[in-house]
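Below is one structure, written out as structure tokens, with a few remarks after it.
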Amino acid sequence: MSDSQEITVASSPDFVTELLPSAQRTALLYHLSYLCLAKFPKLERVLRERAIETQLLFGSSEALLLKCAATSKNLVSTLLPALMIAVEKDKSILAIKSLEKARQWIMEIVEKVGQMVDRYEKHNHSVASCTSDVILEKAETEKKKEQTTKEIEAQETVVRDLEDQLKKNNEKIKEIEANIAQKNAELYNHVKDTSSKSNGLGLFAALVPFVGPIVKSIYDAKTGPGVAAKTQVLSSELSQLSIEKSSLMSKEWNIHV
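Quick note on numbering that gives the first Met the number 0: the sequence shown kicks off at 0 and runs consecutively.
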């Protein structure tokens, strides 16, 4: 008898249909796992690979189950009746051929079932490994997140310190600028007062309305020691304030950098 006569394509048996809810639950679990791993691209790829392999296994399992059902039906409906006829008519050769064909069918099913079991065992190991990868990846991600948070907090602390330094530095600059303005006013009034008491300096002040040259003229002129001393003190104080302001301006620049 030909193979087309021996093997009949089975329709969808009830036991295959009963496996559908389990497959649906498995698909749902994969979907939920995928949603939970939205922040882990590496794990998403691994999970997709496991889901595809599961789908392929389920498809192969269904085909194998249908083949088992078809083989069983053919054994009952085709080979066993032929074997009974061969025994009744004492046709030993035909009986042996029927038994050999049955053995081949059964061995083929056993071999495919063994291969399917191996695939499931490997797949279960892969899924378990994926679970370990998820736990490890989550721990590493949490560790990196904690480290990043600490770095951000440290940077924020540095920024706040620099902002405080800049604020204090600007306050000092304003204070020094106010002192410079005050000392300039004192020096101007002092020069003006000194010039009004000296005809030569008064004329020079009228011609040169700048404090610097007049201060030098006060040093050069034969003014009283008190006048020269006060002029020198005010000039020194202004110079010192200018140096301090320049230093603070340089510090401000360094803070910005």
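Cβ coordinates follow ideal geometry from the N, Cα and C atoms, glycine included.
Under 8 Å between the Cβ atoms of residue i and residue j?
i: Lys250; j: Asn168; result: yes
i: Lys182; j: Leu237; result: yes
i: Glu145; j: Phe39; result: no
i: Leu63; j: Lys121; result: no
i: Leu27; j: Leu36; result: no
i: Lys171; j: Leu233; result: no
i: Lys244; j: Ile179; result: yes
i: Thr53; j: Thr25; result: yes
Looking only at its chain, what residues have a beta carbon closer than 7 Å to the beta carbon of residue i, apart from the 5 residues adjacent to it on each side?
i: Leu97; result: Residue identity differs from the one stated: residue 97 is Ser in this sequence, not Leu. Cβ neighbours of Ser97 beyond the five flanking positions: Leu78, Ala81, Leu82 and Ala85.
i: Met257; result: Because the chain is modelled from 0 through 256, residue 257 falls outside the range shown and cannot be assessed.
i: Leu19; result: none
i: Thr7; result: Legend: pLDDT at Thr7 = 42, less than 50; position of this residue unreliable, value from coordinates given subsequently. These residues qualify, in order along the chain: Ala69, Lys72 and Asn73.
i: Asp132; result: Leu42 and Val45
Between residue i and the rest of its own chain, which residues show a CB-CB distance below 6 Å, the 5 nearest in sequence each way excluded?
i: Tyr29; result: Ala50
i: Lys66; result: none
i: Leu165; result: Ile254
i: Leu240; result: Ile175, Asn178 and Ile179
i: Lys41; result: none
i: Cys129; result: Val45 and Arg49
i: Ala22; result: Phe57
i: Trp104; result: Thr70
So, under 8 Å CB-CB, residue i and residue j are touching, yes? Tell me the CB distance rounded to an integer number of Å.
i: Tyr33; j: Glu48; result: Rounded, the Cβ-Cβ distance is 12 Å, inconsistent with contact.
i: Ile242; j: Leu161; result: That pair is no contact at about 24 Å.
i: Arg118; j: Leu56; result: 6 Å
For residue i, which residues from the same chain have a beta carbon less than 8 Å from its beta carbon, with the 5 sequence-adjacent residues on both sides left out?
i: Pro208; result: For Pro208, the pLDDT reaches just 45, beneath the cut-off of 50, and the residue's location in the model is therefore unreliable, although a value from the coordinates is still provided. So no residue of the chain qualifies.
i: Ala94; result: Leu82, Ala85 and Val86
i: Thr140; result: Lys38 and Phe39
i: Trp252; result: none
i: Ser91; result: Ala85
i: Thr148; result: none
Under DSSP, the alpha helix (DSSP H) around residue i begins and ends at which residues?
i: Phe57; result: Pro40 to Asn73
i: Ser32; result: Leu19 to Cys35
i: Leu79; result: Leu79 to Glu87
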